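Asker: So for the sequence shown, full-length UniProt numbering puts the first residue at 1; every next one is plus one.
Even glycine gets a Cβ: it sits at the ideal position worked out from N, Cα and C.
Note that the coordinates shown come from a computational prediction; the quantities given were computed from them, not determined experimentally.
Pasting in a structure now, in structure tokens, and then I'll have a few things to ask.
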Amino acid sequence: MGLGKLLHDHARQGHAEGTINHPRAYDVLASIGFAGRRREVFTRLAALSGARPGDRALDVGCGTGYLTRVLAPLIGSAGRVVGVDPSPSMVEYARRRAPENCSYVVGEGQALDLPDRSFDVVVTSLAVHHMPEAERGAAVREMFRVLRPGGRLLVAEFRRPANRLLAGLLSLVGGAAHRHSPRDLLGELIPRAGFHVEGEGDLPPLLFYVRAVRPRA
């Protein structure tokens with residue numbers, strides 16, 4: 001059993017690997033996995049999202065709220081960051097560390113209890129691989145639904161690092177996240193949901209990202 005499996009409860013309907021319910025352990029393993037560069041990498045993700053002062057941003061599968069807290073200063077006091085995660089313990093952990101312009105709700109990415117066209121930015125990092133393959137399309141369509149026309153989407157997933165030692169470590173802590181390339185994992189989910197893909201790329205040492213926009217017309 002990979003160490004990552006120890007962070008999960010047993011898989012239940014709607015989750016490929018079960019929800020992660022050990023937030024402190026998750027943050028420790030994430031820090032190790034990013035080789036001390038977690039803040040640097042997520043700061044870059046926040047910049048790639050295009051978040052601006054006054055925006056409303058949504059983080060789907062927010063986990064411990066790490067990316068929401070990085071987004072918060074970009075959006076400022078006039079904006080709002082909302083995190084959604086299926087794990088109550090992760091949401092509670094995120095709430096205790098939240099700046100004033102962040103809030104969190106327990107919920108499923110596949111069925112967001114949020115209004116249509118209510119966000120300027122949607123991000124999701126390291127969450128799609130937790131969803132059953134049959135429900136990933138529904139989750140991306142939900143992201144499309146809650147974005148305003150012209151709104152921006154950023155999806156980030158694991159990629160296998162070139163460093164063999166780091167790849168071996170991640171195979172222990174990441175479980176199924178590293179069995180497929182991120183391009184295979186995401187496939188055509190984003191354009192099929194109606195998004196226009198603007199760019200993609202690698203974000204060393206561990207991530208692959210896709211940037212897209214909801215067309216205005």
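Suppose the cutoff is 8 Å on Cβ atoms and the five residues either side in sequence are ignored; what does the same chain contact list for A111 look like?
Answerer: For the purposes of this step, residue 111 is identified with residue 111 of the sequence shown, where counting begins at 1. Once the five neighbours on either side are set aside, the close Cβ partners of A111 are A138, E142.
Asker: Name, in chain order, the residues that DSSP records as bridge partners for E200.
Answerer: Start at 1 with the first residue of the sequence shown, and residue 200 comes out as number 200. Beta-bridge pairing links E200 to V210.
Asker: May I ask which residues mark the beginning and end of the alpha helix (DSSP H) holding T64?
Answerer: As a first step, residue 64 must be located in the sequence shown, where it is residue number 64. No alpha helix (DSSP H) holds T64; DSSP gives it neither H nor E.
Asker: For residue 268, which of V41, G76, R38, Y93 has the nearest alpha-carbon?
Answerer: Nothing about residue 268 can be read from this structure; the chain reaches only from 1 to 217.
Asker: Does DSSP classify P88 as helix, strand or coil?
Answerer: Within the sequence shown, residue 88 is the residue found at index 88, counting from 1. P88: helix per DSSP, three-state reduction.
Asker: Which of the three DSSP states, helix, strand or coil, is assigned to A193?
Answerer: Taking the sequence shown and counting its residues from 1, the one referred to as residue 193 is at position 193. A193 falls in the coil class under three-state DSSP.
Asker: So, at 6 Å on beta carbons, what are the nonlocal neighbours of V122 in its own chain, with the 5 sequence-adjacent residues on each side left out?
Answerer: For the purposes of this step, residue 122 is taken as the residue at position 122 of the sequence shown. Contacts found: L58, M143, L147, L153.
Asker: Tell me the residue span of the beta strand (DSSP E) that contains E157.
Answerer: Residue numbering aside, residue 157 sits at position 157 when the sequence shown is read from its first letter. Start and end: 147–158.
Asker: Going straight from the alpha carbon of R192 to that of V28, what length do you get?
Answerer: As a working mapping, residue 192 is identified with position 192 in the sequence shown. As a working mapping, residue 28 is identified with position 28 in the sequence shown. For R192 and V28, the distance between alpha carbons rounds to 36 Å.
Asker: Determine the direct distance from the alpha carbon of P115 to that of R216, and round the result to whole angstroms.
Answerer: On the sequence shown, residue 216 is found 216 positions in, with the first residue counted as 1. On the sequence shown, residue 115 is found 115 positions in, with the first residue counted as 1. Roughly 18 Å between the two C-alpha positions.
Asker: Between the beta-carbon of G33 and the beta-carbon of L206, is there less than 8 Å?
Answerer: To locate residue 33, count along the sequence shown from 1; it is residue 33. To locate residue 206, count along the sequence shown from 1; it is residue 206. Cβ distance < 8 Å, so G33 and L206 count as in contact.
Asker: At the level of alpha carbons, what is the spacing between A25 and Y66?
Answerer: As a position in the sequence shown, residue 25 is number 25, starting the count at 1. As a position in the sequence shown, residue 66 is number 66, starting the count at 1. About 14 Å.
Asker: For D27, report the span of its alpha helix (DSSP H) as first-last.
Answerer: One-based indexing of the sequence shown puts residue 27 at position 27. Unbroken alpha helix (DSSP H) run through D27: 23–33.
Asker: Tell me, which residues are paired with Y104 by DSSP?
Answerer: One-based indexing of the sequence shown puts residue 104 at position 104. Per DSSP, G83.
Asker: Tell me whether L114 sits in a helix, a strand or coil according to DSSP, three-state version.
Answerer: Within the sequence shown, residue 114 is the residue found at index 114, counting from 1. Reduced to three states, the DSSP call for L114 is coil.
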